[in-house]
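**Student:** In my numbering, the protein residues as written are 5 to 390.
Even glycine gets a Cβ: it sits at the ideal position worked out from N, Cα and C.
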Ligand SMILES: *Cc1c(COP(=O)(O)O)cnc(C)c1O
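Below, the structure written as structure tokens:
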């Protein structure tokens with residue numbers, strides 16, 4: 005059996021695979037088993053923050069790997085403490101819980117929001133309001149938080165205590181933020197939902213109403229975080245501090261790591277025995293995270309904004325391009341033509357792209373060089389212009 009046959013035979017069919025076997029890469033390029041090179045405008049899915057095999061990142065990770073690959077969370081380790089310090093110093097937040105994925109980071113935020121309310125107000129204030137078209141992960145509770153009906157089949161009973169409002173609908177939001185509500189949870193740019201940027205006035209309205217009622221604001225930065233949008237975290241574009249934010253995907257630059265980050269108000273909520281993770285904050289992953297955060301400086305973030313603007317200029321206004329959405333290097337492109345065919349044609353031209361709902365989605369490595377990005381845009385333009 006070749007690799008594809010073996011995979012089809014032995015791996016559960018939860019993904020419609022692209023017919024490519026990737027074997028390596030360097031920087032913003034990945035290579036398949038025939039030796040063909042592709043410019044990777046997906047970075048996995050916003051995971052390989054500095055592309056494939058960034059020498060400094062590899063050095064940081066392998067140095068930790070050869071010192072100590074794992075210990076339990078009963079002991080202190082340097083990379084985890086340092087990464088938490090960096091996360092707090094760079095965001096004004098106060099404390100971090102580490103896990104292994106976005107869904108787990110959100111589970112932790114949901115538990116903490118409910119406990120915050122329980123500690124202050126007792127039972128009964130357990131509802132969490134999320135937005136339609138959101139995506140918060142694949143565990144039963146994270147799926148319950150996800151505002152997409154199409155994902156709410158098969159796995160009932162789902163976790164109760166979630167309600168969904170349309171992004172931008174202030175009346176519906178205000179009605180749901182009642183005495184039963186402990187938190188509002190949102191992605192500021194809905195990633196899987198189609199790279200939809202939330203309206204700043206709507207977000208401000210939600211934050212002000214939440215402050216009045218001691219309802220927590222949870223921001224899911226699993227995809228938007230770690231420099232992706234041209235600020236370290238997307239809430240920084242919106243000028244407020246969440247009570248809790250979560251992140252994962254790009255945090256460790258290619259290793260599994262989730263973080264749930266608490267502000268002053270929520271930092272004491274989780275106490276010994278209320279939450280945990282065997283692997284969470286693993287020192288090798290944390291060392292990757294330290295490298296990523298130490299290198300996401302103002303110069304790099306400025307470049308992320310410039311490269312994002314360059315993509316927008318290259319694609320908007322082309323015949324066949326209906327809309328370009330997103331911020332920084334998180335870009336959605338709505339096309340007039342067939343989406344699946346476009347993705348395939350890009351692949352034939354040596355460019356890997358993603359989709360989100362009805363859009364093309366681009367999430368290149370944050371350090372992609374301008375010449376490589378220009379090359380990728382030229383190839384995509386050829387595809388779109390036919
Ligand atoms: C990918 C994603 C998740 C889930 O992360 P996993 O690591 O796959 O569990 C949650 N929220 C958002 C916004 C995401 O993009």
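Could you give the distance in angstroms between the alpha-carbon of residue 55 and the alpha-carbon of residue 36?
**Tutor:** The residue labelled residue 55 in the question sits at position 51 within the chain shown. The residue labelled residue 36 in the question sits at position 32 within the chain shown. Taking the straight line from one Cα to the other gives about 16 Å.
**Student:** Between the alpha carbons of residue 170 and residue 136, how many angstroms are there, rounded?
**Tutor:** Along the chain shown, one-based indexing puts residue 170 at 166. Along the chain shown, one-based indexing puts residue 136 at 132. So the two alpha carbons sit approximately 5 Å from each other.
**Student:** Can you tell which of 263, 185, 28, 57 has the C-alpha that lies nearest to the C-alpha of residue 107?
**Tutor:** Counting from one through the chain shown, the residue named residue 107 turns up at place 103. Minimum Cα distance to residue 107 is reached at 263.
**Student:** Answer yes or no: the CB of residue 227 versus the heavy atoms of ligand 1, is any distance below 6 Å?
**Tutor:** In the chain shown, the residue the question calls residue 227 occupies position 223. Yes, since a heavy atom of ligand 1 falls inside the 6 Å radius drawn around the Cβ of residue 227.
**Student:** Go through its chain and collect everything with a Cβ distance to residue 29's Cβ below 6 Å, but skip five positions before and after it.
**Tutor:** Position 25 of the chain shown, counting from 1, holds the residue named residue 29. Excluding residues within five positions, the ones whose Cβ falls inside 6 Å are 35, 56.
**Student:** Could you check whether residue 231 and residue 370 sit closer than 7 Å to each other, using their CB atoms as the reference points?
**Tutor:** Here residue 370 refers to the residue found at position 366 of the chain shown. Here residue 231 refers to the residue found at position 227 of the chain shown. Contact: yes.
**Student:** From 331, 388, 339, 294, pick the residue whose C-alpha is nearest to that of residue 350; which is it?
**Tutor:** As a position in the chain shown, residue 350 is number 346, starting the count at 1. Ranking 331, 388, 339, 294 by Cα distance to residue 350 puts 388 first.
**Student:** For residue 167, collect the residues of the same chain with a Cβ closer than 7 Å to its Cβ; drop the 5 residues on either side in sequence, then sort them by chain order.
**Tutor:** As a working mapping, residue 167 is identified with position 163 in the chain shown. If we look at residue 167 and ignore the five residues flanking it on each side, its Cβ neighbours are 131, 133, 180.
**Student:** Give the DSSP-derived three-state secondary structure of residue 95 in the structure shown.
**Tutor:** Looking up residue 95 in the chain shown gives position 91. Looking at residue 95 - three-state DSSP - the assignment turns out to be helix.
**Student:** Hey, is residue 140 close to ligand 1, as in C-beta under 6 Å from one of its heavy atoms?
**Tutor:** Within the chain shown, numbered from 1, the residue matching residue 140 stands at position 136. At least one heavy atom of ligand 1 is nearer than 6 Å to the Cβ of residue 140, so yes.
**Student:** Quick check: the region 276-283 against the region 95-113, are there 3 or more CB pairs under 8 Å?
**Tutor:** yes
**Student:** Leaving out the 5 sequence neighbours to the left and right, which residues in its chain are closer than 6 Å to residue 202 when beta-carbon positions are compared?
**Tutor:** For the purposes of this step, residue 202 is identified with residue 198 of the chain shown, where counting begins at 1. 171, 192, listed in sequence order.
**Student:** Name the DSSP beta bridge partners of residue 187, please?
**Tutor:** Reading the chain shown from its first residue, position 183 is the one you call residue 187. Residue 187 pairs with 132, 220.
**Student:** Excluding the 5 residues flanking residue 414 on each side, which residues of the same chain have their C-beta closer than 8 Å to its C-beta?
**Tutor:** Nothing about residue 414 can be read from this structure; the chain reaches only from 5 to 390.
**Student:** Out of 375, 322, 360, 302, point me to the one whose CA is closest to residue 343's CA.
**Tutor:** The count along the chain shown starts at 1 and reaches residue 343 at position 339. Selected option, being the one with the closest Cα: 360.
**Student:** Can you check DSSP and say which residues form a bridge with residue 42?
**Tutor:** Position 38 of the chain shown, counting from 1, holds the residue named residue 42. Bridge partners of residue 42: 34.
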